[in-house]
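Below: the structure, in structure tokens.
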Amino acid sequence: GIGHSLGAAVLMEAQATAPVFDAVGLLGLGVSVHRVPDSPVAHAAPTTEAAERQFREVFGVAREATSIQLPRIITRPIFHAPDVPAEVIAMDDRYASRIGLRALADIATDGYLVPHAERIAVPVLLGFGAAVEVCDDPHAEPERYRAARDITLFIVPGSGHCHNLSTNRTMLWDRIDSWTRQVVS
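Offset between the sequence shown (1-based) and my numbering: plus 1.
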């Protein structure tokens with residue numbers, strides 16, 4: 002299984018709870034997310050409820066809303082390295098999706114992902130962007146996966162958080178392909 006960002010968090014929790022994959026690729030999400038460049042919210046809330054309250058207040062999300070559209074003006078510098086063409090960024094903005102508010106609050110809660118990472122017992126590929134990423138320190142991330150029998154860290158040169166829109170995206174795709182062939186064969 003492979004997931005990116007919030008998808009990586011969902012995959013991490015699912016694999017830790019009811020393992021079904023022989024290996025997992027977790028892209029663009031660190032277990033430790035305290036600093037997100039230029040973010041107007043703190044990413045180390047003490048509880049999921051506090052994180053959710055913060056997102057609602059900062060972004061003006063109604064009490065009954067269950068999802069959020071993060072402002073692209075905030076996400077753009079995190080998502081894309083400076084070399085991503087303007088037309089690619091415009092396309093990304095045009096097809097931006099909403100995010101489940103509770104899921105976003107979970108991953109913004111200090112320590113929420115730690116027990117899930119610690120229970121993953123299959124090979125793990127961790128992928129991050131080198132230019133900017135939603136992770137405190139990609140090199141510290143492998144130590145979180147204590148039960149994994151194989152851990153690979155790949156940092157995409159020049160990439161922001163949205164690796165698939167990076168000018169170096171094929172480097173990640175090639176690495177995922179070779180890693181999968183190696184660990185699942």
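Positions of the beta carbon are idealized from the N, C-alpha and C atoms, including for glycine.
| Check | Outcome |
| --- | --- |
| Could you pull the DSSP bridge partners for Thr110 from this structure? | Ala46 |
| Residue range of the alpha helix (DSSP H) that Arg76 falls in? | Looking at the sequence itself, residue 76 is Thr, so the reference to Arg does not match. Here the alpha helix (DSSP H) through Thr76 covers Arg73 to Phe80. |
| Take Val125 as the anchor and find which of Val135, Cys136 and Glu142 has the nearest alpha-carbon. | Glu142 |
| Return the chain-ordered list of same chain residues with a C-beta closer than 6 Å to the C-beta of Phe80, the five sequence neighbours on each side being excluded. | Gly161, His162 and Cys163 |
| Tell me, please, whether the CB atom of Thr181 is closer than 8 Å to any CB atom in chain C? | You won't find chain C in this structure, because it holds only one protein chain. |
| Considering only C-alpha positions, which residue in the set Leu105, Thr181, Ser40 and Asp93 is nearest to Ala52? | Leu105 |
| Would you call the region 117-135 in contact with the region 60-76, where contact means no fewer than 3 C-beta pairs closer than 8 Å? | no |
| Between the Cα of Val185 and those of Asp23, Val85 and Gln16, spot the shortest distance and give me the residue it belongs to. | Asp23 |
| Please classify Val85: is it buried, with 16 or more other beta-carbons within 10 angstroms of its beta-carbon, or exposed? | buried |
| State the beta-bridge partners of Ile3 as determined by DSSP. | Gly26 |
| Going straight from the alpha carbon of Ala97 to that of Arg170, what length do you get? | 19 Å |
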